[in-house]
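Per my numbering, residue 15 is the first one in the sequence shown, and the count goes up by one each step.
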Amino acid sequence: MSRRALFAEEIIAFQHGEHRHLRGGCVITEGDRVVYVGPPVDLGEDVERHDFGPAFIAPGFIDSHAHLTSAPLDRTTVEDTGKPQFWFTSLAELLPAMTRAMRPEDERAMADFSVAELIRSGTTTVMEIGWQGDHVADTAERAGIRAYVAQGYGSAKWRTPDGRRMVIDWKEDDGFDGFHDACAFIDRVDGRANGRIRGYLSPMQVAMVSPALLAATRAEAEARDCPVALHTSEAVFEFREMVSREGMTPIEWLEAQGFLSERCMLGHVIFTAGHSWLNYPGRDLEILAAHGASVAHCPWVFARRGYVMESFARYLDAGVTMCLGSDTAPQSLLKQMQYGAVLAKTVERDSRRATAGQMFDAATLAPARALGRSDLGRIAPGAKADLTVWRLDGFSTTPSRDPVRLLVHSAEPEDLRHVMVDGTWVMRERRLTQLQEATVVAAARRAAQRVWSRMGDGPAALDILSAPTLRPFA
Ligand SMILES: [Zn+2]
Numbered sequence: 015m016s017r018r019a020l021f022a023e024e025i026i027a028f029q030h031g032e033h034r035h036l037r038g039g040c041v042i043t044e045g046d047r048v049v050y051v052g053p054p055v056d057l058g059e060d061v062e063r064h065d066f067g068p069a070f071i072a073p074g075f076i077d078s079h080a081h082l083t084s085a086p087l088d089r090t091t092v093e094d095t096g097k098p099q100f101w102f103t104s105l106a107e108l109l110p111a112m113t114r115a116m117r118p119e120d121e122r123a124m125a126d127f128s129v130a131e132l133i134r135s136g137t138t139t140v141m142e143i144g145w146q147g148d149h150v151a152d153t154a155e156r157a158g159i160r161a162y163v164a165q166g167y168g169s170a171k172w173r174t175p176d177g178r179r180m181v182i183d184w185k186e187d188d189g190f191d192g193f194h195d196a197c198a199f200i201d202r203v204d205g206r207a208n209g210r211i212r213g214y215l216s217p218m219q220v221a222m223v224s225p226a227l228l229a230a231t232r233a234e235a236e237a238r239d240c241p242v243a244l245h246t247s248e249a250v251f252e253f254r255e256m257v258s259r260e261g262m263t264p265i266e267w268l269e270a271q272g273f274l275s276e277r278c279m280l281g282h283v284i285f286t287a288g289h290s291w292l293n294y295p296g297r298d299l300e301i302l303a304a305h306g307a308s309v310a311h312c313p314w315v316f317a318r319r320g321y322v323m324e325s326f327a328r329y330l331d332a333g334v335t336m337c338l339g340s341d342t343a344p345q346s347l348l349k350q351m352q353y354g355a356v357l358a359k360t361v362e363r364d365s366r367r368a369t370a371g372q373m374f375d376a377a378t379l380a381p382a383r384a385l386g387r388s389d390l391g392r393i394a395p396g397a398k399a400d401l402t403v404w405r406l407d408g409f410s411t412t413p414s415r416d417p418v419r420l421l422v423h424s425a426e427p428e429d430l431r432h433v434m435v436d437g438t439w440v441m442r443e444r445r446l447t448q449l450q451e452a453t454v455v456a457a458a459r460r461a462a463q464r465v466w467s468r469m470g471d472g473p474a475a476l477d478i479l480s481a482p483t484l485r486p487f488a
């Protein structure tokens, strides 16, 4: 099996249970694994050497919450929009209108673009929730990224009949047809590509899943030993729906259903008891910590609508496993780490909180723990060879004395030079090795034009829901 030795000025290496700063070291990989990290050693024969010089090697990011088939469409459409009566979420009007205008071929074009965007910003493992599971699994396999893919399902759908309130339409089959499809999907893809492609479960949204479907999901996840993703406490109207319907917060209700466990990757969890927009007391954070449930925190998608988690630092203090996800455009954990840190510092009015180290852990070690993967999110002997090589002589990376702060607060995707997943280079010299970049970009541009034009010129037209910044030049 071929061995590679990677040399760089600096390496973020895993030692004694944490990331450490290794200067002037090397990483040796063999097949899909790291076999050595440390000071340079005598390599012997039959070793492929790569000396990256002024660069640092870091573990690839784990994006714990992504929607590959739709996220790119948020770019230049969602910003500056929202209505006070929906507490500014775009779940009520803009996103449903865009979703209605999408066709499967558009979703597939977006998924291909998304996988390229993720790799180009340092993500080597992604947890996808969506509707084109087979295509996403195929693209992920081809592109070389590691992917956990969930085919979404649920017991109900929400909509607004009048632009003023939300109603929930429950399905006759309670969502079990979709659940069985999701299980069959896992059977089809799980373990493909040397285990790089994994299936998992997502009943989508806490306010739109019945107790029966939730119980079936939990039992299935245990039988399959797979994670479960659920959007929870992501909007004020959802929190109020749960409180009025169940007399409990979404988190309290999940606990009462016996659903919470270390398998749970709860998306967002912004509006928990004690949040200033709710004025509702409770023990949500303690409940999450007691059951070992993880949070996929996606700061940017909410911050651009004017609300924040209160706060990332306090969730960590409570003992909650905090992970980061992209959820929207841009699909870059660099941006999520920086927004996560800055927003938490601002909420806490304390510059010492939400450190770069904590944000970096939330993009590496914490999601690996949530996935039950001690072989991901780190550079250590026995871990998967999922790693990234960043230049140290770029304008955004010069000078540097701390590679973690550099990643969180300064580095740009353009500073990323090479990406390896499962021991294979999936990006070299900033070019994807398995995807045609020009092709996926052109296809995504065409798909967006189709979707936006299909939204028509009525009340759901894009220019009505999201007025352009500039008037046309006449
Ligand atoms: Zn989501």
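Using N, Cα and C, we set each Cβ at its ideal position, and we do this for glycine too.
Item	Value
Using a threshold of 7 Å, is the CB atom of residue 311 nearer than that to any non-hydrogen atom of ligand 1?	no
Using CA coordinates, which residue listed in 242, 270, 220 and 259 is at the minimum distance from residue 509?	With the chain running from 15 to 488 in the structure shown, residue 509 is simply not present.
Rounded to a whole number of angstroms, what is the C-alpha to C-alpha distance between residue 475 and residue 481?	10 Å
Nearest-angstrom Cα distance between residue 241 and residue 319?	29 Å
Counting only the same chain and skipping the five closest in sequence on each side, list residues whose C-beta sits under 8 Å from that of residue 427.	134, 135, 136, 346 and 348
When the distance is taken between beta carbons, is residue 358 closer than 8 Å to residue 370?	no
Hey, residue 144 and residue 83: beta-carbon distance below 8 Å or not?	yes
In terms of residue numbering, what span does the beta strand (DSSP E) encompassing residue 281 cover?	278–282
Would residue 55 be called buried (16 or more neighbouring beta carbons within 10 Å of its own) or exposed?	exposed
Find the nearest neighbour of residue 445 within the set 142, 281, 437 and 429, judged by alpha-carbon distance.	429
From what residue to what residue does the beta strand (DSSP E) around residue 28 run?	17–29
Do residue 203 and residue 211 have their CB atoms nearer than 8 Å?	yes
Residues bridged to residue 337 by DSSP?	310
Is residue 73 helix, strand or coil by DSSP?	strand
Is residue 56 near ligand 1 - that is, is its Cβ less than 7 Å away from at least one heavy atom of it?	no
Is it the case that the CB of residue 88 approaches a heavy atom of ligand 1 more closely than 7 Å?	no
For a test of the three-state rule: what should DSSP assign to residue 415, helix, strand or coil?	coil
Are the CB atoms of residue 80 and residue 142 within a distance shorter than 8 Å?	yes
Go ahead and pull the three-state DSSP assignment for residue 62.	strand
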